[in-house]
Every structure is written in structure tokens, then in C-alpha cells.
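Using this note's numbering, you'd call the opening residue of the sequence shown number 1 and step up by one each time. The next block holds one structure in the form of C-alpha cells; read it before the comments.
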Amino acid sequence: FLSELPELGSLNRKEIAALVGVAPINRDSGKLNGKRRIRGGRHRVRTVMFMAMLSSIQCNPVFKRFYERLKAQGKIPKVALIACMRKMIVVLNTMIKNQEPWRAEMA
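Okay, here's the thing in C-alpha cells:
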């Protein structure tokens with residue numbers, strides 16, 4: 001995972017989310033408000049994170065609560081999952097930047 005993303009720890013949260021491809025991109029033009037979608041980024045990293053998050057929302061209480069809260073707010077499951085992926089990459093980036101181990105209160 002780290003070999004696919006050597007920039008981890010050196011970028012801010014918006015930049016790392018965009019680099020991985022989990023930041024929503026708006027498709028607006030003039031007065032038209034299009035849908036937001038994720039695209040671009042590093043496909044292999046995004047695929048690994050997707051599979052890891054499928055497991056995390058079942059086993060990790062922090063991500064499970066976040067996922068369930070988003071679904072309760074009316075988000076469709078895939079949108080909630082992508083939001084969890086973004087949260088995961090931001091937490092990983094912060095952990096590496098600050099050289100800290102995983103702490104549930106960090107997320």
C-alpha cells in the first residue's frame with residue numbers, strides 16, 4: 001500500500017483524498033448543478049481501500065458508527081462507504097505525518 005502511495009504523510013487531507021480519488025468532484029456548468037462523483041486518482045489504491053473498508057465497517061467500531069450515521073442521514077450505502085474511505089485515508093495520512101499509532105479517538 002505504501003509503495004503505491006509514497007506521498008502519504010507529506011500532503012494535506014484534501015490533497016491526499018484527491019490523489020487517491022475519493023474526493024468528490026462537482027460537474028457544474030453555469031447555472032447547472034451536476035452530480036458529484038469520484039474519479040481519477042490511483043485506481044489500485046482505491047480498490048485496496050474499498051475492500052479494506054468493506055471489512056472495517058463490519059469489524060471496526062469507529063468506522064461502523066460513521067457508516068451507520070451516514071446511512072441514517074439518508075446517504076446511499078456506496079456514498080457512505082466512499083466517505084468512510086476518505087476518512088480512512090485522512091487518518092492514515094495524519095498517523096504517518098505525526099508518526100503516531102492508531103487511536104480510536106483520532107478518527
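Don't be surprised by glycine CBs; every beta carbon is placed ideally from N, CA and C. All values derive from a computational prediction rather than experimental measurement.
Check each candidate in R44, N33 and R37 and name the one with the smallest Cα separation from V20. For V20, the nearest C-alpha among the options comes from R44.
Would you kindly work out how many angstroms separate the C-alpha atoms of S10 and E105, rounded to a whole number? Taken atom to atom, the span from the alpha-carbon of S10 to that of E105 is near 22 Å.
Here's the rule I'm using: 16 or more other beta-carbon atoms within 10 Å means buried, otherwise exposed. How should M49 be labelled? Flag for M49 reads buried.
I89 to Q73 span [Cα, whole Å]: Whole-angstrom Cα-Cα distance: 22 Å.
Starting from P101, trace the alpha helix (DSSP H) in both directions and tell me its first and last residue. If you look at P101, you'll find it isn't in any alpha helix (DSSP H); DSSP assigns it neither H nor E.
Would you list, in sequence order, the uninterrupted alpha helix (DSSP H) runs of no fewer than 4 residues that lie entirely inside the segment 29-84? Taking only runs of at least 4 residues, the alpha helix (DSSP H) segments lying wholly in the segment 29-84 are 43-59 and 61-72.
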